[in-house]
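Line by line, the protein sequences are chains A and B. For the first sequence, position 8 (counting from the first letter as 1) is numbered 8 according to this note's numbering, and the numbering increases by one without interruption. For the second sequence, position 223 (counting from the first letter as 1) is numbered 520 according to this note's numbering, and the numbering increases by one without interruption.
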Amino acid sequence: MTALHTSGLGKRYRRRWALSDCTLQIPEGRVAGLVGPNGAGKTTLLQLAVGLLAPTTGTITVLGGEPASGPDQLAKVGFVAQDTPVYAGLSVADHLRLGAHLNPGWDDSYAQRRIDRLRFDPAQRAGKLSGGQRAQLALTLAIAKRPRLLILDEPVASLDPLARREFLQDLMEAVADQEISVILSSHLVADLERVCDYLVVLAASRVQIAGDVDALLASHHRLIGARRDEASLPADQQVIHARHTDRQSTLIVHSRHPILDPAWTVEQLSLEDLVLAYMSQAADAPPGRRPVLEVQR
Amino acid sequence: MIWLTWRQFRIQAAVVSALVAAFGILFLVTGPHLVTLYRDSALAACRSNCGQDANNFLNSLSNIAPYHLVYLLGALLIVLLPAVIGLFWGAPLVARELESGTFRLAWNQSVTRERWLAAKLGILGLAAMAVAGLFSLFLGWWASPIDHADAIGASGGFQSRFFPLDFGTRGIVPIGYAAFAFALGVLVGLMIRRTIPAMGVTLAVIAAVQIAFPLVVRPHLITPVRDTTAVTASVIQGLGINGSGNQMSVFAAAPNLPGAWIYSNEVVTASGSTSLGSIPQACQPQQAQGFQACANALAQMNLKQVVVYQPADRYWTFQWLELGIFLTVAVLLAWGCFWWVRRRLS
Numbered sequence: 001m002t003a004l005h006t007s008g009l010g011k012r013y014r015r016r017w018a019l020s021d022c023t024l025q026i027p028e029g030r031v032a033g034l035v036g037p038n039g040a041g042k043t044t045l046l047q048l049a050v051g052l053l054a055p056t057t058g059t060i061t062v063l064g065g066e067p068a069s070g071p072d073q074l075a076k077v078g079f080v081a082q083d084t085p086v087y088a089g090l091s092v093a094d095h096l097r098l099g100a101h102l103n104p105g106w107d108d109s110y111a112q113r114r115i116d117r118l119r120f121d122p123a124q125r126a127g128k129l130s131g132g133q134r135a136q137l138a139l140t141l142a143i144a145k146r147p148r149l150l151i152l153d154e155p156v157a158s159l160d161p162l163a164r165r166e167f168l169q170d171l172m173e174a175v176a177d178q179e180i181s182v183i184l185s186s187h188l189v190a191d192l193e194r195v196c197d198y199l200v201v202l203a204a205s206r207v208q209i210a211g212d213v214d215a216l217l218a219s220h221h222r223l224i225g226a227r228r229d230e231a232s233l234p235a236d237q238q239v240i241h242a243r244h245t246d247r248q249s250t251l252i253v254h255s256r257h258p259i260l261d262p263a264w265t266v267e268q269l270s271l272e273d274l275v276l277a278y279m280s281q282a283a284d285a286p287p288g289r290r291p292v293l294e295v296q297r
Numbered sequence: 298m299i300w301l302t303w304r305q306f307r308i309q310a311a312v313v314s315a316l317v318a319a320f321g322i323l324f325l326v327t328g329p330h331l332v333t334l335y336r337d338s339a340l341a342a343c344r345s346n347c348g349q350d351a352n353n354f355l356n357s358l359s360n361i362a363p364y365h366l367v368y369l370l371g372a373l374l375i376v377l378l379p380a381v382i383g384l385f386w387g388a389p390l391v392a393r394e395l396e397s398g399t400f401r402l403a404w405n406q407s408v409t410r411e412r413w414l415a416a417k418l419g420i421l422g423l424a425a426m427a428v429a430g431l432f433s434l435f436l437g438w439w440a441s442p443i444d445h446a447d448a449i450g451a452s453g454g455f456q457s458r459f460f461p462l463d464f465g466t467r468g469i470v471p472i473g474y475a476a477f478a479f480a481l482g483v484l485v486g487l488m489i490r491r492t493i494p495a496m497g498v499t500l501a502v503i504a505a506v507q508i509a510f511p512l513v514v515r516p517h518l519i520t521p522v523r524d525t526t527a528v529t530a531s532v533i534q535g536l537g538i539n540g541s542g543n544q545m546s547v548f549a550a551a552p553n554l555p556g557a558w559i560y561s562n563e564v565v566t567a568s569g570s571t572s573l574g575s576i577p578q579a580c581q582p583q584q585a586q587g588f589q590a591c592a593n594a595l596a597q598m599n600l601k602q603v604v605v606y607q608p609a610d611r612y613w614t615f616q617w618l619e620l621g622i623f624l625t626v627a628v629l630l631a632w633g634c635f636w637w638v639r640r641r642l643s
């Protein structure tokens, strides 16, 4: 089953398209990273996935169901919204009680253990928690409802580097224990690199590329060599990004096959290079041009 | 859902409960003494022609300042109650969640947002109606001796419960106002999405409705009774002239309609005009023949006294009608809340 399946999905706010023509399949059992610059449509896509927004065009199914279509669908999906909202006037213990009252599958012993381990004072008001603690509380609520899919929208954006690392580590432990799929967004590749095995690059309100991280890295190459016209490359090599000096060309190409041309020095790409190449391609692309879209399992 | 609703609502509930308690204590303290005063008055023993006794009783109450004050205070609180409920219970209910982003937390638990809203609207709406009903019950119980005197035909100091300003503070209509104000506040909060502006708009709409309804809508709910009687010298109370001096009209004594809601009491000529045209000789200022002669002369002019009113026995019909109207509007507003939550917020 697919965790997230979209087809021709688009969302328009008044006259601006925040997301357009998004066709995507994220398989279940993955930790999928959604990366893109600010304003690329990440939050829009995730809010569509939890039913906080309704699509303008296209369809979206999450774990086979329409987002937020009923209590069962809501129970299957845990969501931690951007800026991790919590009720400022309620205490930490009240939040757990809230979770217990509103979720039939609530795992109270897990929630209590997690709160203990994080050294929270149950009587403390959520409004007095630090950003990192708030994020942890919101994550606890989302995991303790025992969802099959956890969706996190920029969960670490407001955290300092140490809290960021702790949060992600903690998330990964919980995911490994409970075998849940995860989709999380970030505008920083470094955050995702550590935890994701599936990547979706979203830029200029479109999906630029989506696929398994290892497969993506294996099929993208940096070619360095004497200056050369991009059009002279073989047909199976697709240029994502090109930089030319007077004498030298540096290309980032996509190819399923190994690059055998001895004129090139071939280098491995890092995930960050790959993402940046697609982002700058999106920024340079003339409007209307269809970007490369690839789905690999 | 019930737990969460209560947990988020308990401070507002405590404030209003304290208000209800203070109100109840005030009436419990002063009420028994009022009943004693009534029992000791001639009115309680009177069996027929009690108008004068009723007047005396109300005048005696008016002389004891606290009673008038308690009555006015109670009525004022009931008039303000819809605004308090709309502003502090209704408007922030969803607006605060939208403003602080916590709706994203609430709507991603395993409870649909429709059920979430239904619990909040249901629990707080019923609480609002209960509070309004309690207030009205307190005031009605406390003022029952006054109502009794009014029903007999007294006029001293206290208005009848049918009078437009008092009507909305008594009986069952405050329940309708509370439900309306609450549902209005919630819907406005949903639409504006910010607490403070939503409170402002809610207040403005509630105030407008509270002023406009008694003036524009209520008088037309049921066609009033129109009594036309010939004017005799005994009912004529005076002769008036309007500001520009070209219209003379006659004033007649108020009809004896205890507990009725009187729209107008006019004296008209045979042609139906309230202006006399010419006045009889006996009424000319230079003819000092006295008022009685003037009244006799006016009585000869074939004048008619026209009284337009709602009889006292329609009081409860009006109460049920108005309650029905406000509850219907409240239900429509609540339906609007569900529609907005389902459609417009996604």
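Beta carbons are placed, not taken as given, at the ideal position from N, Cα and C, and that holds for glycine. All figures in this text were calculated on a predicted structure; none of them were measured in a lab.
Close-in-space but distant-in-sequence residues of the same chain around Thr2 (chain A) (CB under 7 Å, 5 per side omitted): Gln25, Ile26, Pro27, Glu28
Nearest neighbour of Gln406 (chain B), chosen from A:Ser186, A:Leu216, A:Ser109, A:Pro104 [CA to CA]: A:Pro104
Reduced DSSP category for Trp558 (chain B) - H, G, I as helix; E, B as strand; rest coil: strand
Cβ of Ser20 (chain A) within 7 Å of any chain B Cβ: no
C-beta neighbour in chain B for Pro104 (chain A), strict 7 Å: yes
Proximity test, Cβ basis, 7 Å: Tyr13 (chain A) and chain C: No chain C is part of this structure, whose protein chains are labelled A and B.
Interface residues of the segment 397-415 of chain B facing chain A [CB-CB below 9 Å]: Ser397, Gly398, Thr399, Phe400, Arg401, Leu402, Ala403, Trp404, Asn405, Gln406, Ser407, Val408, Thr409, Arg410, Arg412, Trp413
Cutoff 7 Å: Leu171 (chain A) Cβ touching any chain B Cβ: With 7 Å as the cut-off, Leu171 (chain A) does not count as an interface residue toward chain B.
The segment 106-126 of chain A in contact with the segment 69-85 of chain A per 3-pair CB rule at 8 Å: At 8 Å Cβ cutoff, the stretches do not touch.
Beta carbon proximity, Trp636 (chain B) to chain A, threshold 7 Å: no
8 Å Cβ cut-off: residues of chain A touching Leu301 (chain B): Leu98, His101, Leu102
7 Å Cβ cutoff, Val50 (chain A) in contact with chain B: yes
Exposed unless 16 or more other CB atoms sit within 10 angstroms - verdict on Gly8 (chain A): exposed
Start and end residues, alpha helix (DSSP H) containing Val92 (chain A): Run containing Val92 (chain A): 92-102, per the alpha helix (DSSP H) assignment.
Contact under 7 Å by Cβ, Val498 (chain B) with Val485 (chain B): yes
DSSP beta-bridge partners of Ser546 (chain B): Note: Ser546 (chain B) sits in a beta bridge opposite B:Gly537.
Sub-7 Å separation of Met496 (chain B) and Ala416 (chain B) beta-carbons: no
Contacts around Thr84 (chain A), its chain only, beta-carbon distance under 6 Å, and the 5 residues preceding and following it disregarded: Arg134, Ala135, Ala138
Proximal residues to Asn599 (chain B) (C-beta, below 6 Å), its chain only, five neighbours per side dropped: Ala567
Neighbourhood of Leu90 (chain A) by C-beta distance below 8 Å, restricted to the same chain and skipping five residues each side: Leu98, Arg125, Ala126
Closest residue to Ala210 (chain A) among A:Ser181, A:Ala226, A:Leu274 (Cα-Cα distance): A:Leu274
C-beta neighbour in chain A for Val391 (chain B), strict 7 Å: no
Counted within 10 angstroms of its Cβ, other Cβ atoms place Thr333 (chain B) as buried (16 or more) or exposed: exposed
Ala231 (chain A) to Ile224 (chain A) span [Cα, whole Å]: 16 Å
For Leu19 (chain A), three-class secondary structure by DSSP: Note: Leu19 (chain A) maps to strand in three-state DSSP.
Distance CB(Ser181 (chain A))-CB(Glu154 (chain A)) smaller than 7 Å: no
Contact set for Gly535 (chain B): own chain, Cβ-Cβ below 7 Å, skip 5 residues either direction: Phe548
Inter-residue Cα distance where the pair is Asp177 (chain A) and Arg206 (chain A): 34 Å
Endpoints, beta strand (DSSP E) assigned at His445 (chain B): Unbroken run through His445 (chain B) is the alpha helix (DSSP H), 441-449; no beta strand (DSSP E).
Check whether Ala380 (chain B) and Ala627 (chain B) have beta carbons under 7 Å apart: no
Those residues which DSSP pairs with Ile26 (chain A) across a bridge: A:Leu4.
Below-7 Å beta-carbon distance, Leu74 (chain A) vs any chain B residue: yes
Touching by the beta-carbon criterion (3+ pairs, under 8 Å), the segment 104-117 of chain A and the segment 139-146 of chain A: yes
Test item: CB-CB of Tyr335 (chain B) and Ala342 (chain B) under 7 Å: Not in contact: Tyr335 (chain B) and Ala342 (chain B) (Cβ atoms no closer than 7 Å).
Closer than 8 Å at the beta carbon, the chain A residues around Met298 (chain B): Neighbours of Met298 (chain B) on chain A, chain order: His101, Leu102.
When B:Phe615, B:Gln309, B:Ala372, B:Leu373 are compared against Leu384 (chain B), the one with the closest alpha-carbon: B:Gln309
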